[in-house]
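Colleague: Residue numbers (our numbering), protein chains in the order written: chain A, 1 to 224; chain B, 1 to 399.
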Amino acid sequence: MIELRDIVKSYQMGEATQTVLHGVSLDIYKNDLLAIMGASGSGKSTLMNIIGLLDRPNSGSYHLHGREVSTLQNVELAQLRNETIGFVFQQFFLLPRLTAEQNVGLPLTYRQMSQREIKPLVMAMLDRVGMADRAHHRPSELSGGQQQRVAIARALIGKPALILADEPTGALDTKTGDEVMELFLNLNRDENTTVVIITHDPDIAKQCRRCIHISDGNILNDGD
Amino acid sequence: MTVIKQHFQQALANIRSSKLRSFLAMLGILVGTAAVVALISIGELATHKALQQFKALGTDLLAISLFQTSTTTKNTSDAKVFSLPEANLMSDTIPTIKAIAPYISLYGNINYETHKINGSIAGVVAELQPVIKIKLSKGRFISPLDRASYYCVVGHDIAQDMKRFSYKSIVGNQILLGNTYFTVVGVAEKWQENTFFNQNVNRLVMIPILTSKVIRKNAQIHNIIMRIKPNINITHLTNDIKAFVSLHSPFLQVFPRSAKQIIESMKQSSQIFTLLLGFIGGISLLVGGIGVMNVMIASVAERHREIGIRMAIGANRKDIQLLFLTESIILALLGGILGVILGISTSLIISYFVGWGYKIFWIPPIIGFGVSAATGVFFGYYPAYRASRLDPIQTLRYD
Ligand SMILES: Nc1ncnc2c1ncn2[C@@H]1O[C@H](COP(=O)(O)OP(=O)(O)O)[C@@H](O)[C@H]1O
Ligand SMILES: [Mg+2]
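1) Where A/D27 and A/L4 are concerned, what is the direct C-alpha to C-alpha distance, given to the nearest angstrom?
2) Quick one: is the Cβ of A/T17 within less than 6 Å of any heavy atom of ligand 1?
3) Which residues of chain A have a Cβ atom closer than 7 Å to the Cβ of B/R317, listed in chain order?
4) Taking only three categories from DSSP, how would you classify A/M125?
5) Please tell me whether, using a cut-off of 6 Å, the distance from the CB of A/S45 to the nearest non-hydrogen atom of ligand 2 is below it.
6) Does any C-beta atom of chain B lie closer than 7 Å to the C-beta of A/Y255?
7) Let's see if you can read the secondary structure: which residues bound the alpha helix (DSSP H) around B/L247?
8) Could you list the residues in the stretch 170–185 of chain A with a C-beta less than 9 Å from some C-beta on chain B, going in chain order?
9) Roughly how many angstroms separate the alpha carbons of A/G223 and A/K206, rounded to a whole number?
10) Keeping to the same chain, check which residues put their C-beta closer than 6 Å to that of B/A50; ignore five residues upstream and five downstream.
11) Secondary structure at A/L162, three-state DSSP: helix, strand or coil?
12) Given the structure, does A/G41 come close to ligand 1, in the sense that its CB is under 6 Å from one of the ligand's heavy atoms?
13) Below 7 Å on C-beta distance, what does B/E306 contact in chain A?
14) Is A/Y29 near ligand 1, with its Cβ less than 6 Å from a heavy atom?
15) So, does the stretch 138–156 of chain B touch the stretch 199–206 of chain B, judging by three or more C-beta pairs under 8 Å?
16) Could you check the C-alpha separation between B/F196 and B/R257 for me, to the nearest Å?
17) Taking the Cβ atom as the reference point for each residue, do B/S372 and B/A332 lie within a distance shorter than 7 Å?
18) Using only alpha-carbon positions, find the residue among A/A171, A/V150, A/I7 that is nearest to A/H63.
19) Where does the unbroken beta strand (DSSP E) through B/P256 begin, and where does it stop?
20) Checking 7 Å against the spacing of the C-beta atoms, do A/A171 and A/G144 come in under that value?
21) In the structure shown, what three-state DSSP assignment does B/P95 receive?
22) Report, in whole angstroms, the separation of the C-beta atoms of B/I393 and A/L54, which I expect to be a contact under 8 Å.
23) Hey, is the stretch 354–372 of chain B in contact with the stretch 318–336 of chain B, meaning 3+ C-beta pairs nearer than 8 Å?
24) What is the rounded straight-line gap between the Cα of B/I290 and the Cα of B/M311?
25) Could you pull out every unbroken alpha helix (DSSP H) segment of at least 4 residues lying fully inside the stretch 159–214 of chain A, listed in chain order?
26) Looking at the structure shown, is A/E68 part of a helix, part of a strand, or coil, going by DSSP?
27) Excluding the 5 residues flanking B/T69 on each side, which residues of the same chain have their C-beta closer than 8 Å to its C-beta?
28) Assuming B/G32 and B/F273 form a contact by the criterion Cβ under 8 Å, report the distance between their Cβ atoms to the nearest whole angstrom.
29) Any heavy atom of ligand 1 within a distance shorter than 6 Å of the CB on B/I344?
30) Tell me whether A/Q112 is buried or exposed, calling it buried when 16 or more other Cβ atoms sit within 10 Å of its Cβ.
31) Taking A/P57 and A/I50 to be in contact with their CB atoms under 8 Å, please state how far apart those CB atoms are, rounded to whole angstroms.
32) Spatial neighbours of B/F165 within its chain, please: C-beta separation below 6 Å, excluding the five flanking residues on both sides.
33) DSSP beta-bridge partners for A/Y62?
34) Using CA coordinates, which residue listed in A/P160, A/I157, A/K159, A/D178 is at the minimum distance from A/E167?
35) Hey, quick one: how far does the beta strand (DSSP E) through B/L66 stretch, first residue to last?
36) In chain A, what lies closer than 9 Å to B/S17 by C-beta?
What follows is the structure in structure tokens.
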């Protein structure tokens, strides 16, 4: 489903150029459940941003569903993100002024769907993550675990082929982290959604079918 | 559509969440729009009022005043004065004059049944009635056959006063003008006041022009009002008149006033007025617009992360731009709506006190809304553009 070849990403830091990814190659298959591990600053998030079409590599090729995407226009990338990718972030990143319901529905509004079409889908999704009774709460009125559930609902609402989660349990205690993890596992098992999880936590990684390690912008070993 | 609706709701929510800042930005737009709306409305009202005067009378009017040019001819003999036959001759000579009505303003006491009545007296000719459109409620107007007789026609307000002092019928009764009794032969209806004729007919007692000397010994014709053919060249006509007057009374100078010229100059000065005031309003709007820009730049800066999140879930640059543009337009339009309301009320209050009556014009509020919305777009464009160019990666980093 995803084919990364020799992806190089470097950042200009004033005079110096810092290369964050040194020619990363990686395949992600349909229905994969992949953990990406690595020390802080090793380039995990950078890699995820490139996979998630938020960032462009300096060189290398990226095929998504067999299509070269590193040369697409911004508008096309935005549409691809909207339709095929769901992001989950360590810090949830819900919009503070919107209710849980509005947050979850947001990706669909960018698909020109009407409020009437969106509402039932959102309520079903909130129900699925166990947040139906909090639909009208704002993020500040929810606990960390609850916010992350809402964020996951937002990532799932568009029925994306790929979920990218950047340390989704990093800001949660072990128990709520496990509950969140449970959601991903179910999703991968029941809906054949491809899930990529970046994590520090070996316990989380163990639950994934595949695990890769990144160190200083290089992939060390492809778990299996 | 959903996106627009959402943007709209979010813009409102955002404006609400920073009330003070939004209000300050709106204030500039409000003042600017109110200024534009009020001032244009007042200009329109003034012109409207002025034009209304002439609606009753028509615009085919020309008034001339005749005065001596120099002090050397102070002791004028009758020959140097413009006389009634000369006026009639002038009307016959110049074909574009349809009717001519010389008149003499006289000042003297008016007494009726031993009560004093406020008003003026004028020596008039029969032609005055059609020229300035006097309608009679009773009796008849001054006629050429009256020659120098002691008949008079009283204005509406004078007749009202007379009724209060006596139950006798006004027509046929006598009124004391100066030291002479005149018999009332007619009563005028209420007359629409008009600055073109020097006297207010409602407070005027009109006597035959030839009788003027009875009230004032050296009464002379200084004013002539005439109805002229429509759509003629006024300058040509006044030149003809000047030539005629200088031929017959070389020491008299002609000062013409035509209804058309008055309206033209009124329109012009109201245009200049409108432009000037529009300029002032424009400056306020500029200040308001910069306020809006400020608020929007602050709003964009505060919401970097929101922009990144929206981009991550599929918003493209246009969506982001539209989000902020909606907000700035709403901000400006809120100011605009309040400004239009304030502007209209101000113009109504002013016109009420000036006594213009009121009439709401559609153009100023439309201009007000248009201008404020345009301000929102214009000054919101740059912040919105900047927002749309943000790199989502930068806005989402937290380590
Ligand atoms: N936008 C950026 N500009 C400059 N340097 C960056 C940027 N994003 C990441 N980096 C640098 O790249 C390296 C890898 O960052 P990141 O991918 O976030 O690591 P991880 O997620 O594994 O902790 C870090 O040294 C970081 O400072
Ligand atoms: Mg990271």
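Ideal Cβ positions, reconstructed from N, Cα and C, are used throughout, including at glycine.
Just so we're clear, the structure is a prediction, and the values are computed from it rather than from any experiment.
Modeller: Reading it off the structure:
1) Residue mapping note: residue 27 of chain A aligns to position 27 of the first sequence, counting from 1. Residue mapping note: residue 4 of chain A aligns to position 4 of the first sequence, counting from 1. A/D27 and A/L4: Cα-Cα distance of roughly 6 Å.
2) Numbered from 1 along the first sequence, position 17 holds the residue referred to as residue 17 of chain A. A/T17 Cβ: outside cutoff for every heavy atom of ligand 1.
3) Residue numbering aside, residue 317 of chain B sits at position 317 when the second sequence is read from its first letter. Near B/R317 (Cβ distances below 7 Å), the residues of chain A are N74.
4) Within the first sequence, the letter at position 125 stands for residue 125 of chain A. Reduced to three states, the DSSP call for A/M125 is helix.
5) Taking the first residue of the first sequence as 1, we reach residue 45 of chain A at position 45. Yes; taking the cut-off as 6 Å, the Cβ of A/S45 has a heavy atom of ligand 2 nearer than that.
6) It is not possible to answer for residue 255 of chain A, since the shown part of chain A is limited to 1 through 224.
7) Here residue 247 of chain B is taken as the residue at index 247 of the second sequence, counted from 1. Looking at the DSSP string, the run of the alpha helix (DSSP H) that includes B/L247 is 234–248.
8) none
9) Residue 223 of chain A sits at position 223 when you count from the first residue of the first sequence. Residue 206 of chain A sits at position 206 when you count from the first residue of the first sequence. With a pLDDT of only 49 at A/G223, under 50, the local geometry of the prediction cannot be trusted, and the value read off the model is given with reservation. Approximately 11 Å, taken between the alpha carbons.
10) Along the second sequence, read from residue 1 onward, the residue named residue 50 of chain B stands at position 50. If we look at B/A50 and ignore the five residues flanking it on each side, its Cβ neighbours are M266.
11) For this step, residue 162 of chain A is matched to residue 162 along the first sequence. Here A/L162 sits in strand by DSSP.
12) Along the first sequence, read from residue 1 onward, the residue named residue 41 of chain A stands at position 41. A/G41 Cβ: within cutoff of ligand 1.
13) Position 306 of the second sequence holds residue 306 of chain B. L95, listed in chain order.
14) Position 29 of the first sequence, counted from the start, is the residue given in the question as residue 29 of chain A. Every heavy atom of ligand 1 is 6 Å or more from the Cβ of A/Y29, so no.
15) yes
16) Here the question's residue 196 of chain B lines up with position 196 in the second sequence. Here the question's residue 257 of chain B lines up with position 257 in the second sequence. When rounded, the distance between both Cα atoms is 8 Å.
17) In the second sequence, counting from the first residue as 1, residue 372 of chain B sits at position 372. In the second sequence, counting from the first residue as 1, residue 332 of chain B sits at position 332. Their beta carbons are under 7 Å apart, which means B/S372 touches B/A332 by this criterion.
18) In the first sequence, the residue the question calls residue 63 of chain A occupies position 63. It is A/I7.
19) Counting from 1 along the second sequence, the entry for residue 256 of chain B is found at position 256. Where B/P256 is concerned, the enclosing beta strand (DSSP E) stretches over 252–258.
20) In the first sequence, counting from the first residue as 1, residue 171 of chain A sits at position 171. In the first sequence, counting from the first residue as 1, residue 144 of chain A sits at position 144. Yes; because the gap between Cβ atoms is below 7 Å, this pair is in contact.
21) Counting from one through the second sequence, the residue named residue 95 of chain B turns up at place 95. Coil, per DSSP.
22) For this step, residue 393 of chain B is matched to residue 393 along the second sequence. For this step, residue 54 of chain A is matched to residue 54 along the first sequence. Going by Cβ atoms, the distance from B/I393 to A/L54 rounds to 6 Å, so yes, they are a contact pair.
23) yes
24) Translated into positions along the second sequence, residue 290 of chain B becomes position 290. Translated into positions along the second sequence, residue 311 of chain B becomes position 311. Going from the Cα of B/I290 to the Cα of B/M311 covers about 28 Å.
25) 174–191, 202–206
26) As a working mapping, residue 68 of chain A is identified with position 68 in the first sequence. Strand.
27) Indexing the second sequence from 1 puts residue 69 of chain B at position 69. F251, L252, Q253.
28) Taking the second sequence and counting its residues from 1, the one referred to as residue 32 of chain B is at position 32. Taking the second sequence and counting its residues from 1, the one referred to as residue 273 of chain B is at position 273. Actually they do not touch by this definition, with Cβ atoms about 18 Å apart.
29) Taking the first residue of the second sequence as 1, we reach residue 344 of chain B at position 344. B/I344 Cβ: outside cutoff for every heavy atom of ligand 1.
30) As a position in the first sequence, residue 112 of chain A is number 112, starting the count at 1. A/Q112 is exposed by the Cβ-count criterion.
31) Counting from one through the first sequence, the residue named residue 57 of chain A turns up at place 57. Counting from one through the first sequence, the residue named residue 50 of chain A turns up at place 50. A/P57 to A/I50, Cβ: 5 Å. Contact.
32) Position 165 of the second sequence, counted from the start, is the residue given in the question as residue 165 of chain B. Hits under 6 Å: Y112, E113, H115.
33) Translated into positions along the first sequence, residue 62 of chain A becomes position 62. In the DSSP output, where bridge partners are listed per residue, A/Y62 has A/L4.
34) Your numbering for residue 167 of chain A matches position 167 in the first sequence. Of A/P160, A/I157, A/K159, A/D178, the residue nearest in Cα terms is A/D178.
35) In the second sequence, residue 66 of chain B corresponds to position 66, counting from 1. Unbroken beta strand (DSSP E) run through B/L66: 61–68.
36) The count along the second sequence starts at 1 and reaches residue 17 of chain B at position 17. Correct list: R97.
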